[in-house]
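Undergrad: Residue numbers (numbering that gives the first Met the number 0): 0 to 590.
All C-beta atoms, glycine included, are put in the ideal place defined by N, C-alpha and C.
Bear in mind the structure is a predicted one, so any value in this text is a computation, not a measurement.
Here you go, one structure.
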Amino acid sequence: MPHDVTLIATIAVGFVLAFLFGYIAHHLRLPPLVGYLLAGVVIGGFSPGFVADAAMTAQLAEIGVMLLMFGVGLHFSTGDLLAVRRIAVPGAILQIVTATAIGTSLAMFWGWSFGAGLVLGLSLSVASTVVLLKALEELNAVATPNGRIAIGWLIVEDLAMVLALVLLPAFAPALGGYVPAETTSGGGGSLLLNLAITLLKVAAFVFIVLFFGPRVLPWLLRQVARTGSRELFTLCVLALALGIAFWSARFFDVSYALGAFFAGVVLSESDLSHKAAANSLPLQDAFAVLFFVSVGMVFDPAILVQHPAKVLCVLALIMGGKSLIAFAIVLTLGYPLSTGLMAAAALAQVGEFSFILAGLGISYKLLPPEGLSLILSGAILSISLNPIVFAAVEWLSSRMRASPRWKRRLDEGRGPYFARLQAELDSSRLLLEKKSAAHKTFTPAELVSHFPLFAGLSPDEREVLLLHFETRRGQPGDRVIRAGEKADAVYFISSGEVEVVPRGQQGKIKLGPGAFFGEMALLTGEPRSADVTALDFSKFLTLSRRDFHRFLRKHPSLREQIVTQATERGAMNRKFLEASLPETDLSANAP
Ligand code: CMP
0 MPHDVTLIAT IAVGFVLAFL FGYIAHHLRL PPLVGYLLAG VVIGGFSPGF
50 VADAAMTAQL AEIGVMLLMF GVGLHFSTGD LLAVRRIAVP GAILQIVTAT
100 AIGTSLAMFW GWSFGAGLVL GLSLSVASTV VLLKALEELN AVATPNGRIA
150 IGWLIVEDLA MVLALVLLPA FAPALGGYVP AETTSGGGGS LLLNLAITLL
200 KVAAFVFIVL FFGPRVLPWL LRQVARTGSR ELFTLCVLAL ALGIAFWSAR
250 FFDVSYALGA FFAGVVLSES DLSHKAAANS LPLQDAFAVL FFVSVGMVFD
300 PAILVQHPAK VLCVLALIMG GKSLIAFAIV LTLGYPLSTG LMAAAALAQV
350 GEFSFILAGL GISYKLLPPE GLSLILSGAI LSISLNPIVF AAVEWLSSRM
400 RASPRWKRRL DEGRGPYFAR LQAELDSSRL LLEKKSAAHK TFTPAELVSH
450 FPLFAGLSPD EREVLLLHFE TRRGQPGDRV IRAGEKADAV YFISSGEVEV
500 VPRGQQGKIK LGPGAFFGEM ALLTGEPRSA DVTALDFSKF LTLSRRDFHR
550 FLRKHPSLRE QIVTQATERG AMNRKFLEAS LPETDLSANA P
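Quick look at the structure:
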């Protein structure tokens, strides 16, 4: 090849094979992700033929994880996060501790050291967000309370892993591992100091993102959307998702996934979040596929023949042990059976974090290489079987719903927890809707039904126009425009009624919904030609002088309509004024 095209080759071969195998898997009634994993095995280093660059695929997969988590964040508000904390925090922590303890005991039973067991146990205790999200999407359950609980649970696991990755190097020597001198941070790497710094960094990250984010990011997105350029908007969404993820990992040591998730959470408060989600979806899908390919690539099938019993033990812990633990925790906390089943299915797999932890364990000489192979085989098998677990849970739930006695137990929890969670999720949704309603005026379709004037615009143009509008309100008797003043905006009446009294006249003209006023002064550059007073509680959509002129320049046919209307109004006013002038003169000359 003329120059280095590793990246192109990796993406091209990865996409093509993932597509082919995914398509075949679909036809064999298997989940497509089994096909993607298989594509990975084929282009991986343990099978003959083309070998893709594993490190590069892993990086591309990481982009997929970032975009995916960004997408989840876009559908998740801060209120949602707070609502699920009462189950997600204790659930995730208890589950990590128990699963790690079982994993460690298992490894020590095999004769491994405590340190090796700990790394194996920790790696097997965390589930993959990508796998969970794909499953929830498939079931259309991302927005359900159970779906939110499962996602919140994984976010807490994600945070716990950030700590684990920091603590591992600090504990490695004590656990019998070896840490190269340059990786231990200054001052002998005091454990407490490291921990404090990490916690501080995570807290600072969450504070900065959640405090400054909502003040800046939605505003930025609006400004970009107002340009009307779809390309710039998509670029802005991607820049925010990847940029925040990258720099938060750089400065605050949180994972890329967590950074991207919080970027999404912040933007979820914006009324443009649905558009942002739609624009990033295709890239999200494509790169998430590479996540599965990259898992397949590093898998060595030989382990299945060499240590079948150990592989089965690992699989039993991932799919049986972890699920049972999660199930028991959820029920003990008083949540319904359906939540328990969802958590059990959601956690019956391992993924990205397990590989990172295992990789670190190997570099610190804690975990034997066989440990990584076991974790990988556990991952590939549990990921492939996960859709079946979800299908089984679905089947079980539908059977239970058929019986009245089980139906109650399935959907109702003990104690007020679930009801409270549901109420909190609902109120967070309501709050979000209210917030976005403050900005949002109409949907593009509603705009036309209220203002036939805009019927000639395309849906995209209407959406951009809507972003330029600002809402103003008037109460009965409020003077909206004063004759003789300088003009700043044009008004479109969305509801209510106003009365126009042109300068020097007694005659009153009433204008209602769908009409506009305030255009004359903007067109002529002269002061306002009339007093305009609200007669009713009224709502106006206003366009600033600059936006009005820009809009007219872009839409000459609309300009023509508005100018014609303004000319007619001007002519009418002049006629009235001329007609009333002699009378005024007479009265002025009267003795
Ligand atoms: P402007 O002069 O900017 O501010 C006052 C507005 O009242 C004016 O624009 C028109 O939109 C509106 N207006 C003035 N004269 C009439 C009229 N004869 N009929 C309806 N509206 C009018």
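Which residues does DSSP pair with Ile95 in a beta bridge?
TA: Taking the first residue of the sequence shown as 1, we reach residue 95 at position 96. DSSP lists no partner for Ile95.
Undergrad: Taking the continuous beta strand (DSSP E) assigned at Val392, which residues delimit it?
TA: Position 393 of the sequence shown, counted from the start, is the residue given in the question as residue 392. Not the beta strand (DSSP E): Val392 falls in the alpha helix (DSSP H), residues Pro368 to Ala401.
Undergrad: Could you tell me the alpha carbon to alpha carbon distance between Ile23 and Gly34, rounded to whole angstroms?
TA: For the purposes of this step, residue 23 is identified with residue 24 of the sequence shown, where counting begins at 1. For the purposes of this step, residue 34 is identified with residue 35 of the sequence shown, where counting begins at 1. Answer to the nearest angstrom: the Cα atoms are 7 Å apart.
Undergrad: In this structure, how does DSSP classify Lys274 when only helix, strand and coil are distinguished?
TA: Taking the first residue of the sequence shown as 1, we reach residue 274 at position 275. Helix at Lys274.
Undergrad: What separation, rounded to the nearest whole angstrom, lies between the Cα atoms of His554 and Phe539?
TA: Numbered from its first residue, the sequence shown carries residue 554 at position 555. Numbered from its first residue, the sequence shown carries residue 539 at position 540. C-alpha separation (whole angstroms): 21 Å.
Undergrad: Mapping DSSP to helix, strand and coil, what is Gly176?
TA: Residue 176 sits at position 177 when you count from the first residue of the sequence shown. Three-state DSSP puts Gly176 in coil, outside helix and strand.
Undergrad: What would DSSP say about Pro47, mapped onto helix, strand or coil?
TA: Residue numbering aside, residue 47 sits at position 48 when the sequence shown is read from its first letter. It is coil, neither helix nor strand.
Undergrad: Whose C-beta lies closer than 6 Å to the C-beta of Leu409 among residues of the same chain, with five residues either side of it excluded?
TA: As a working note, residue 409 is residue 410 in the sequence shown. Closer than 6 Å at Cβ, skipping near neighbours: Leu336, Ser337 and Met399.
Undergrad: Thinking C-alpha only, which one of Ile361, Val297, Val15 and Leu199 is nearest Phe250?
TA: Here residue 250 corresponds to residue number 251 of the sequence shown, with the count starting at 1. Answer by Cα proximity: Leu199.
Undergrad: For the ligand ADP, I want to know if Ser528 counts as a neighbour, meaning its beta carbon is within less than 7 Å of at least one of the ligand's heavy atoms.
TA: You won't find the ligand ADP in this model; what it holds is the ligand CMP.
Undergrad: Under 8 Å between the Cβ atoms of Leu366 and Val15?
TA: The residue labelled residue 366 in the question sits at position 367 within the sequence shown. The residue labelled residue 15 in the question sits at position 16 within the sequence shown. No. Outside cutoff.
Undergrad: In its own chain, which residues sit with a C-beta less than 7 Å from the C-beta of Leu385, not counting the 5 before and 5 after it?
TA: Position 386 of the sequence shown holds residue 385. Note that residue 385 is Asn in the sequence shown, not Leu. Result list for Asn385: Val130, Ala134, Ala347 and Gln348, in chain order.
Undergrad: Starting from Tyr255, follow the alpha helix (DSSP H) in both directions and report where the run begins and ends.
TA: Here residue 255 is taken as the residue at index 256 of the sequence shown, counted from 1. Unbroken alpha helix (DSSP H) run through Tyr255: Tyr255 to Ser267.
Undergrad: What I want to know is whether the C-beta of Met341 ends up closer than 7 Å to one or more non-hydrogen atoms of the ligand CMP.
TA: In the sequence shown, the residue the question calls residue 341 occupies position 342. No, the beta carbon of Met341 sits no closer than 7 Å to any heavy atom of the ligand CMP.
Undergrad: Straight-line CA distance for Gln504 to Gly78?
TA: For this step, residue 504 is matched to residue 505 along the sequence shown. For this step, residue 78 is matched to residue 79 along the sequence shown. Cα-Cα distance, rounded: 55 Å.
Undergrad: Return the CA-CA distance between Glu268 and Phe290, expressed in angstroms with no decimal places.
TA: Translated into the one-based positions of the sequence shown, residue 268 becomes position 269. Translated into the one-based positions of the sequence shown, residue 290 becomes position 291. Their Cα atoms are separated by approximately 28 Å.
Undergrad: Check this for me: beta carbons of Leu282 and Ala275, under 8 Å apart or not?
TA: Taking the sequence shown and counting its residues from 1, one reaches residue 282 at position 283. Taking the sequence shown and counting its residues from 1, one reaches residue 275 at position 276. The answer is no: Cβ separation not under 8 Å.
Undergrad: With 16 as the cutoff for other CB atoms within 10 Å, does Gly175 come out buried or exposed?
TA: One-based indexing of the sequence shown puts residue 175 at position 176. Counting Cβ neighbours within 10 Å, Gly175 comes out exposed, since fewer than 16 surround it.
Undergrad: Would you decide whether Leu231 is buried or exposed? Buried here means 16 or more other CB atoms lie within 10 Å of its CB.
TA: On the sequence shown, residue 231 is found 232 positions in, with the first residue counted as 1. That one is exposed.
Undergrad: Which residues in the same chain as Ala240 place their Cβ atom closer than 8 Å to its Cβ, once the five residues preceding and following it in sequence are excluded?
TA: Translated into positions along the sequence shown, residue 240 becomes position 241. Excluding sequence neighbours, Ala240 sits near Met65, Leu66, Phe69, Ala259, Ala262, Gly263 and Ser279.
Undergrad: Rounded to whole angstroms, what's the CA-CA distance from Asp487 to Ser254? Just pull it up for me.
TA: Sequence index remark: in the sequence shown, residue 487 carries index 488 (1-based). Sequence index remark: in the sequence shown, residue 254 carries index 255 (1-based). Taking the straight line from one Cα to the other gives about 48 Å.
Undergrad: If I follow the unbroken beta strand (DSSP E) through Leu510, where does it start and stop?
TA: Taking the sequence shown and counting its residues from 1, the one referred to as residue 510 is at position 511. Element bounds for Leu510: Ile508 to Leu510.
Undergrad: Just curious, the alpha helix (DSSP H) that Val125 is in, first and last residue?
TA: Locating residue 125 in the sequence shown gives position 126, counting from the first residue. Premise fails: Val125 is in no alpha helix (DSSP H) and is neither H nor E.
Undergrad: Should Ile95 be labelled buried (16 or more other beta-carbon atoms within 10 Å of its own) or exposed?
TA: The count along the sequence shown starts at 1 and reaches residue 95 at position 96. Buried, by the Cβ-count rule.
Undergrad: Taking 7 Å as the cut-off, is the C-beta of Arg568 nearer than that to any heavy atom in the ligand CMP?
TA: Residue 568 sits at position 569 when you count from the first residue of the sequence shown. Result yes, Cβ under 7 Å from the ligand CMP.
Undergrad: Evaluate Pro31 with the Cβ neighbour count: other Cβ atoms within 10 Å of its Cβ, from every protein chain shown; 16 or more gives buried, anything less gives exposed.
TA: Translated into positions along the sequence shown, residue 31 becomes position 32. Pro31 comes out buried.
Undergrad: Below 6 Å CB to CB, which residues in the same chain sit around Leu356 once its five sequence neighbours on both sides are set aside?
TA: Here the question's residue 356 lines up with position 357 in the sequence shown. Once the five neighbours on either side are set aside, the close Cβ partners of Leu356 are Leu121 and Ser122.
Undergrad: Can you tell which of Leu430, Leu37 and Val329 has its C-alpha closest to the C-alpha of Arg413?
TA: The residue labelled residue 413 in the question sits at position 414 within the sequence shown. The option with the nearest alpha carbon to Arg413 is Val329.
Undergrad: Along the chain, where does the beta strand (DSSP E) that runs through Phe491 open and close?
TA: To locate residue 491, count along the sequence shown from 1; it is residue 492. Its beta strand (DSSP E) spans residues Ala488 to Ser494.
Undergrad: Looking at the structure shown, is Arg502 part of a helix, part of a strand, or coil, going by DSSP?
TA: Position 503 of the sequence shown holds residue 502. Looking at Arg502 - three-state DSSP - the assignment turns out to be coil, as it is neither helix nor strand.
Undergrad: With three or more beta-carbon pairs closer than 8 Å as the criterion, would you say the segment 150-161 touches the segment 79-99?
TA: Yes, the segment 150-161 is in contact with the segment 79-99.
Undergrad: Contact defined as beta carbons within less than 8 Å: I believe Glu462 pairs with Thr541. What is the distance between those atoms, to the nearest angstrom?
TA: Here residue 462 refers to the residue found at position 463 when the sequence shown is read from its first residue. Here residue 541 refers to the residue found at position 542 when the sequence shown is read from its first residue. About 18 Å; that fails the 8 Å criterion.
Undergrad: With H, G and I counted as helix, E and B as strand and the rest as coil, what does DSSP make of Asp157?
TA: Residue numbering aside, residue 157 sits at position 158 when the sequence shown is read from its first letter. Asp157 falls in the helix class under three-state DSSP.
Undergrad: Within a Cβ cutoff of 6 Å, which residues of the same chain sit near Ala224, ignoring the five residues on either side of it in sequence?
TA: Translated into positions along the sequence shown, residue 224 becomes position 225. Excluding sequence neighbours, Ala224 sits near Phe232, Leu271 and Leu466.
Undergrad: Specify, as a first and last residue, the run of the beta strand (DSSP E) that Glu469 falls within.
TA: Locating residue 469 in the sequence shown gives position 470, where the first residue counts as 1. It spans Glu469 to Gly473 - the beta strand (DSSP E) in which Glu469 sits, taken as one unbroken run.
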